[in-house]
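Visitor: Which chain is which? The protein sequence lines are A and B, in order.
Using the UniProt record's numbering, the letters of the first sequence map in sequence onto residues 1 to 340.
Using the UniProt record's numbering, the letters of the second sequence map in sequence onto residues 1 to 340.
Can you read through this structure? Questions will come right after.
Protein chains: 2
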Amino acid sequence: MAATLRDVADHAQVSMRTVSNVVSGYTHVSEKMRAHVLRSIEELDYRPNPVARTLRTGRTGVVALIVPEIDVPYFSALARDMINAAATFGYRVMIDQTGHDHERERDLLTGNDRTMLFDGILFSPLVTKLELLEMNSPTKMPLVLLGEHDFDGRYDHVAIDNVRAAQDAVQHLLDRGRTRIAAIGAQPLEQYATPQQRSAGYETALTEAGIAIEPELVREAEHYSRADGYDAATALMALPERPDAIFCFSDLLAMGAMRAVFDAGFSVPEDVAIVGIDDIEEGRFSRPSLSSVSLDTAFIAERSMERLAARIDDPDRAPEQIIAPHALRARESTAIAQSP
Amino acid sequence: MAATLRDVADHAQVSMRTVSNVVSGYTHVSEKMRAHVLRSIEELDYRPNPVARTLRTGRTGVVALIVPEIDVPYFSALARDMINAAATFGYRVMIDQTGHDHERERDLLTGNDRTMLFDGILFSPLVTKLELLEMNSPTKMPLVLLGEHDFDGRYDHVAIDNVRAAQDAVQHLLDRGRTRIAAIGAQPLEQYATPQQRSAGYETALTEAGIAIEPELVREAEHYSRADGYDAATALMALPERPDAIFCFSDLLAMGAMRAVFDAGFSVPEDVAIVGIDDIEEGRFSRPSLSSVSLDTAFIAERSMERLAARIDDPDRAPEQIIAPHALRARESTAIAQSP
DNA sequence: TTGTAAGCGTTATCAT
DNA sequence: ATGATAACGCTTACAA
């Protein structure tokens with residue numbers, strides 16, 4: 001069996017209190033005593049039991065990061081930054097993926113999950129704000145929301161301005177002289193906020209440019225995957241009146257769409273300009289490289305982790321809304337201006 | 001404050017034992033009693049404290065997955081499958097990235113980390129087997145190794161046959177009539193097993209084909225990133241005698257290499273055929289699509305999780321070595337046979 | 001500065 | 001089938 005605090009105390013002929021002080025507190029221990037206890041710890045190869053410590057202190061030192069899918073590049077980049085940010089606050093990260101499963105999201109949030117060994121939740125939700133309000137109330141687990149814009153100020157959240165980001169992307173296509181601009185990533189269900197907001201930005205940009213929205217140019221995508229982008233773009237290129245640009249709601253959609261355009265016998269950006277959102281590294285090495293709206297995952301990670309740490313320390317503080325910056329990165333996929 | 005087991009017992013006028021039985025055991029409880037206790041639980045909105053349960057049972061229900069970088073597509077795909085596999089065994093996954101930091105690897109393995117709230121470790125290591133042997137001994141935390149081939153049978157591990165995988169990739173290039181085959185991803189330090197094994201496979205395939213190894217065609221790469229692949233391929237294409245094929249030790253290297261070949265004014269596969277290892281989804285949508293050796297991450301996840309669960313239940317069982325299957329996927333990047 | 005002892009919220013071992 | 005109670009290993013008043 002592993003040695004316990006008591007074993008060390010017995011071995012060193014001191015009280016548990018003193019050993020505990022040496023192990024964690026370092027307060028009021030004479031140097032001689034410290035060295036003495038340390039020797040016993042060494043000899044018995046003692047390691048403090050984190051579970052016992054947690055039961056006593058009420059802190060696990062772990063926060064949960066909940067995302068739809070960890071293998072989506074945007075989320076894995078976010079996870080990377082989150083793990084780093086958490087480390088600077090002394091936390092570790094447990095990652096959970098909901099896999100687009102609403103039940104799972106709710107279980108995690110309501111604390112119905114049997115093993116909630118963490119102090120707080122960083123949650124990138126799929127479902128609407130309305131449902132969320134009810135959800136988290138029973139458990140009162142510290143919570144920071146990620147990636148959505150509008151939560152009525154009831155929760156801490158770090159978001160990007162989705163409407164504006166979409167608008168900027170479409171405006172970039174307009175600036176390149178494109179006028180027949182398609183969109184991939186819309187979703188009919190109102191409960192998904194991200195597609196709603198990006199659709200809104202798309203429509204705003206076109207409307208402000210005096211261009212009418214054509215429903216046949218707006219394509220749905222269920223999972224923001226390469227395959228979804230491929231299918232949607234294939235359909236667009238089969239249209240009698242093809243688009244001269246495609247705004248994809250995510251870079252992954254855009255990667256699929258680019259390949260579809262080529263497979264249909266057209267080229268990017270000559271025939272069709274393409275722009276995405278997320279600025280994943282993949283798009284910087286693709287051919288052509290992908291123009292995209294960059295979201296600052298490091299910023300999102302740092303600020304949200306800082307919020308969560310603050311809330312864990314003081315559950316009653318007022319919620320804060322933070323908007324992460326975004327910036328358009330123009331690359332080859334929108335490089336050529338359309339001659340009118 | 002949250003309600004405890006004792007609160008429920010008091011409220012229901014029964015013993016803690018009975019409440020505990022209702023909550024978890026379900027053994028020997030009359031239906032009437034169950035209903036009665038359940039009502040009290042409902043009324044007090046009682047949720048069992050997982051930390052207390054853990055202290056008592058010695059099980060957290062969490063396993064740690066340790067990888068170099070979570071945002072490398074191969075590892076995030078593995079993480080996705082691991083989270084799913086763990087769920088079928090009743091475990092959750094905490095992800096840690098070592099970020100190529102040997103210190104961090106050692107801390108995790110030796111249990112020097114302060115918050116080891118997990119029952120076992122799934123470890124995808126960078127460092128050599130030799131170091132590992134010493135590392136895990138003091139803590140005896142259940143451990144399953146991933147991705148390496150040769151660990152002397154002292155640990156459970158699920159690996160691919162790296163030598164064979166590399167050999168198959170190079171053989172595929174030979175089959176396409178390529179003879180001047182470069183390699184990207186070698187590493188000088190002997191302690192990194194993966195590059196050593198893949199280098200060995202590369203050399204074996206060439207030697208068997210009667211082709212001499214040319215040192216200038218073997219390029220190092222530190223991080224198996226797109227950028228490293230780009231740089232290495234750029235150097236290769238600047239050679240007086242250019243290669244007609246490149247074997248990249250990872251798909252990410254290959255994605256960078258492909259872009260570099262194009263930027264140097266050549267084309268894939270006409271001038272240079274390219275093959276990678278990992279078979280990440282990105283390579284199926286790139287232009288050209290990437291030929292690659294597919295590693296079965298779902299298989300690796302399921303088998304390793306099964307091993308770990310078994311070892312947690314019985315720490316003394318004999319270690320097992322499992323080789324995960326691999327298979328070459330020929331795609332466009334090696335589509336054209338070289339005319340001699 | 002160090003020792004004593006009371007919990008933290010469960011589960012498990014005795015009984016009954 | 002249920003009840004009392006002792007651990008699990010640690011932190012921290014309270015004393016000394």
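Note that the Cβ used here is the ideal one computed from N, Cα and C, for glycine as well.
As the structure is a prediction and not an experimental result, all values here were calculated from the model.
#1: Kindly list, in the order they appear in chain B, the residues whose Cβ is closer than 8 Å to that of R287 (chain A).
#2: Pull up the DSSP beta-bridge partners for V144 (chain A), would you.
#3: Quick one: list the residues of chain B neighbouring D71 (chain A), beta-carbon separation under 8 Å, in chain order.
#4: E282 (chain A) touches chain B at which residues, Cβ-Cβ below 9 Å?
#5: Per DSSP, what kind of secondary structure is A327 (chain A) in: helix, strand or coil?
#6: Can a CB atom of chain A be found closer than 7 Å to the CB of V51 (chain B)?
#7: Using DSSP with H/G/I as helix, E/B as strand and the rest coil, what is L217 (chain A)?
#8: With a CB to CB cut of under 7 Å and the five nearest residues on each side skipped, what residues in its chain are close to L239 (chain A)?
#9: Do V272 (chain B) and H326 (chain B) have their CB atoms nearer than 7 Å?
#10: Note down the Cα distance separating S124 (chain B) from F266 (chain A), rounded to an integer number of angstroms.
#11: Is the beta carbon of L252 (chain A) sitting closer than 7 Å to the one on S286 (chain A)?
#12: Who does R293 (chain A) pair with in a DSSP beta bridge?
#13: Whole angstroms is fine: what's the gap from A324 (chain B)'s alpha carbon to E302 (chain B)'s?
#14: Since Y46 (chain B) meets chain A, which of its residues come closer than 8 Å, beta carbon to beta carbon?
#15: With DSSP as the reference, label L38 (chain A) as helix, strand or coil.
#16: As a quick exercise: from A:E320, A:Q197 and A:S304, pick the residue whose alpha carbon is nearest that of L65 (chain A).
#17: Kindly indicate the opening and closing residues of the beta strand (DSSP E) around G177 (chain B).
#18: Going along the chain, which unbroken runs of the beta strand (DSSP E) with 3 or more residues stay wholly within the segment 237-277 of chain A?
#19: Starting from the Cα of V29 (chain B), find the closest Cα among B:L38, B:V67 and B:T18 and give me that residue.
#20: Given a threshold of 16 other Cβ atoms within 10 Å of its Cβ, counted over all protein chains shown, does D263 (chain B) qualify as buried or as exposed?
#21: Helix, strand or coil for G90 (chain B) per DSSP?
#22: Check the Cβ-Cβ distances between P55 (chain B) and every residue of chain A, and say whether any is below 7 Å.
#23: For a contact defined as C-beta to C-beta under 8 Å, what are the partners of residue 341 (chain A) on chain B?
#24: Rounded to the nearest angstrom, what separates L295 (chain B) and L78 (chain B) at their Cα positions?
#25: Here's the rule I'm using: 16 or more other beta-carbon atoms within 10 Å means buried, otherwise exposed. How should R154 (chain B) be labelled?
#26: Mind listing the chain A neighbours of Y192 (chain B)? Cutoff is C-beta to C-beta under 8 Å, in chain order.
#27: Between A85 (chain A) and the rest of its own chain, which residues show a CB-CB distance below 6 Å, the 5 nearest in sequence each way excluded?
#28: Indicate whether the contact test is met: 3 or more Cβ pairs, each with one atom in the segment 116-123 of chain B and one in the segment 58-73 of chain B, closer than 8 Å.
Guide: In short:
#1: M258, R259, F262, S286 and R287
#2: A:L122 and A:D156
#3: P73, S76, A77, A79 and R80
#4: P73, R226, M255, E282 and S286
#5: strand
#6: yes
#7: helix
#8: E216
#9: no
#10: 42 Å
#11: no
#12: It should be noted that the sequence gives Val, not Arg, for residue 293 (chain A). Beta-bridge pairing links V293 (chain A) to A:I277 and A:L328.
#13: 11 Å
#14: What Y46 (chain B) touches in chain A: nothing, since even the nearest Cβ is about 11 Å away.
#15: helix
#16: A:S304
#17: Counting along the chain, G177 (chain B) falls outside any beta strand (DSSP E), and DSSP gives it neither H nor E.
#18: 245-248
#19: B:T18
#20: exposed
#21: coil
#22: It is worth fixing the name first, because residue 55 (chain B) is Leu in this sequence and not Pro. Closer than 7 Å to some Cβ of chain A, the Cβ of L55 (chain B) qualifies, so yes.
#23: Residue 341 (chain A) falls outside the range modelled here, since chain A spans only 1 to 340, and no answer is possible.
#24: 10 Å
#25: exposed
#26: Within chain A, no residue comes near Y192 (chain B); the closest Cβ sits about 21 Å away, beyond 8 Å.
#27: A301, E302 and M305
#28: yes
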